[in-house]
Every structure is written in structure tokens, then in C-alpha cells.
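Each residue of the sequence shown is one higher than the one before, starting from 126 at the first, in the working numbering. Below: the structure, in C-alpha cells.
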Amino acid sequence: MNMEWLRSLVARSPKAAVAVGKTVFLLGAILVVSALFARAGYPSRLAPEGILGYAVAALLILAGMALVVLGGDVEKKDASRDRG
Numbered sequence: 126m127n128m129e130w131l132r133s134l135v136a137r138s139p140k141a142a143v144a145v146g147k148t149v150f151l152l153g154a155i156l157v158v159s160a161l162f163a164r165a166g167y168p169s170r171l172a173p174e175g176i177l178g179y180a181v182a183a184l185l186i187l188a189g190m191a192l193v194v195l196g197g198d199v200e201k202k203d204a205s206r207d208r209g
């Protein structure tokens, strides 16, 4: 899978990519936790229903983590380049 477009997008502004990644990750995590509360009997309008809802929540979590990891790697490379 060619992900060069994503890497170049993250390389332009790694701090923004990390912030967006954390936000997307948090959104997916909130959906998963709300689904757990809904299964326990608490009413929740955010709860994903069915396999599609859980798949969307899982994809949000994975996409958020990917952005955070890529953005963190770019920030580390930039910091090491600035030092040496």
C-alpha cells in the first residue's frame, strides 16, 4: 500500500497531524466506551450499533494512532536534525 501522500502531508505540519490524530483517536475511544455503557443498560445516543458502528469506531482509533505515530516520528527526526 502506497502511503507516501500521507507521509508528505504529515511532514508538512507534524504538530497538526499529532493533534488531529489524538482527536480522531479520542472520538473512536468515546464511541467504544459509549457502546460498552449501552450494553450495560445505560442509555447513550453515541453508542455505535451493529458491526458497522464498531468497525467505524475501530477505524477511527487506528487512523488516529497512525497519525500520532507518523507525526511523532517526523517530530523526532526534525528534532534530531536540529541538534546535529
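All C-beta atoms, glycine included, are put in the ideal place defined by N, C-alpha and C. This one's a predicted model, so the numbers in the text were calculated from it and none came from an experiment.
Going straight from the alpha carbon of residue i to that of residue j, what length do you get?
i, j, result
"ARG206", "PHE150", "29 Å"
"LEU134", "SER169", "36 Å"
"ILE155", "ASP198", "26 Å"
"GLY178", "ARG132", "28 Å"
"ALA180", "TRP130", "24 Å"
"VAL158", "TYR167", "11 Å"
With distance defined between alpha-carbon atoms, name the residue in the options nearest to residue i.
i, options, result
"ILE186", "VAL199, GLY146, ALA172", "GLY146"
"MET128", "ALA204, ALA188, GLU200, ASP203", "ALA188"
Helix, strand or coil: which one does DSSP assign to residue i?
i, result
"SER138", "coil"
"LEU171", "coil"
"GLY166", "coil"
"MET190", "helix"
Please report the Cβ distance between residue i and residue j, rounded to the nearest whole angstrom; I am assuming they are in contact, meaning their Cβ atoms lie under 8 Å.
i, j, result
"LEU192", "ALA142", "5 Å"
"GLY153", "ALA172", "In fact, because the Cβ distance is near 13 Å, the residues do not count as touching under 8 Å."
Is the separation between the beta-carbon of residue i and that of residue j shorter than 8 Å?
i, j, result
"GLY196", "PRO139", "yes"
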